[in-house]
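Using this note's numbering, you'd call the opening residue of the sequence shown number 17 and step up by one each time.
Below you'll find the structure, written out as structure tokens, and then a few comments.
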Amino acid sequence: MILYDTDAPGPNPVTVRLFVLERGGLDFDVAIVSLAALENRGEAYRAQVNSRGEVPALRLDDGRVLTEITAICEYLDEIASGGTSLIGATPEERAITRMWTRRADFEIAQPLVAWWRGSSDAQAFYQGHRVLGPDAQGYHQRLTEAGLARFEAELADKPFLCGDRLSLADILLYAFYATMGATAPWAAAENRPNFLAWLARMAARPAAAAMFEPLPGR
Ligand SMILES: N[C@@H](CCC(=O)N[C@@H](CS)C(=O)NCC(=O)O)C(=O)O
Numbered sequence: 017m018i019l020y021d022t023d024a025p026g027p028n029p030v031t032v033r034l035f036v037l038e039r040g041g042l043d044f045d046v047a048i049v050s051l052a053a054l055e056n057r058g059e060a061y062r063a064q065v066n067s068r069g070e071v072p073a074l075r076l077d078d079g080r081v082l083t084e085i086t087a088i089c090e091y092l093d094e095i096a097s098g099g100t101s102l103i104g105a106t107p108e109e110r111a112i113t114r115m116w117t118r119r120a121d122f123e124i125a126q127p128l129v130a131w132w133r134g135s136s137d138a139q140a141f142y143q144g145h146r147v148l149g150p151d152a153q154g155y156h157q158r159l160t161e162a163g164l165a166r167f168e169a170e171l172a173d174k175p176f177l178c179g180d181r182l183s184l185a186d187i188l189l190y191a192f193y194a195t196m197g198a199t200a201p202w203a204a205a206e207n208r209p210n211f212l213a214w215l216a217r218m219a220a221r222p223a224a225a226a227m228f229e230p231l232p233g234r
């Protein structure tokens, strides 16, 4: 198995890295794809790995390629040997994880990234390879702020999104916020004490310190 990772700390690769570090019991090779050199947008990568020109991607032992971080994480969770599932041990736990993962993704992670994709930094970074929305920055900010307000209320009485257990939902939200939050001063956690405490709990985990560098692979 080969994980196509990158040299840049983008939220999607960081989500998979944090998931792997927290999950344990996983073993694969790592190939580094340079976003700065637009290697991901080159013909070879698009033809052989991901036609969408994005990272991460996971090549399975039978040669097929999996993309989309939630699909990759769910697959890795199922094939890991040992460790603790970050999706859940029962049908109910798994459903609750998927519910919170979708909420975290739709209500905070994606609008936050979409807001950044409206910036001039994003225009310079993507060099015309992505549909961007400078005209919709205000809308994406309002969506993210509404999501943050909702999560602030919902984190009042539990340590993690699914209650007492760490899950893919926390991992995805933390990876996106830790990589993108600083680009959006209006999304600061200072006046959101429950969200701030959740961030501190996540940041204190040893895996969080390691997630900004590509995984070593085997
Ligand atoms: N929907 C994809 C998104 C992947 C994605 O957008 N990755 C970013 C890095 S964070 C990327 O490849 N950006 C470079 C580009 O689009 O040129 C997923 O879930 O994995």
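Backbone N, C-alpha and C define an ideal beta-carbon position, used for all residues, glycine too.
Taking 8 Å as the cut-off, the beta carbon of T31 is found closer than this to the beta carbon of I85.
For the pair L128 and A203, the CB atoms are nearer than the 8 Å cut-off. Runs of the alpha helix (DSSP H) lying entirely within the segment 124-206 and spanning at least 4 residues, in chain order: 126-132, 136-142, 153-170, 184-196. Take the alpha-carbon of W116 and the one of L212: they are about 18 Å apart. In this model, V71 and L54 are separated by some 11 Å (Cα to Cα).
The segment 96-115 and the segment 38-49 touch, with no fewer than 3 CB-CB distances between them shorter than 8 Å. Closest in C-alpha terms to A169, from the list W131, N210, E161, comes N210.
Excluding its 5 nearest sequence neighbours in each direction, A191 has C-beta neighbours in its own chain below 6 Å: P27, V30, T31, L34, listed in chain order. In this structure P150 does not touch R217 by the C-beta definition: roughly 35 Å separates them, more than the 8 Å allowed. Following the DSSP letters along the chain, one finds A47 inside the beta strand (DSSP E) bounded by residues 45-49. Burial is judged here by how many other beta carbons sit within 10 angstroms of a residue's own beta carbon; S183 has at least 16 and is buried.
With a cut-off of 7 Å, the C-beta of V46 is classified as distant from ligand 1, since no heavy atom of the ligand falls inside that distance.
When secondary structure is reduced to three states using DSSP, D77 falls in the coil class, being assigned neither helix nor strand.
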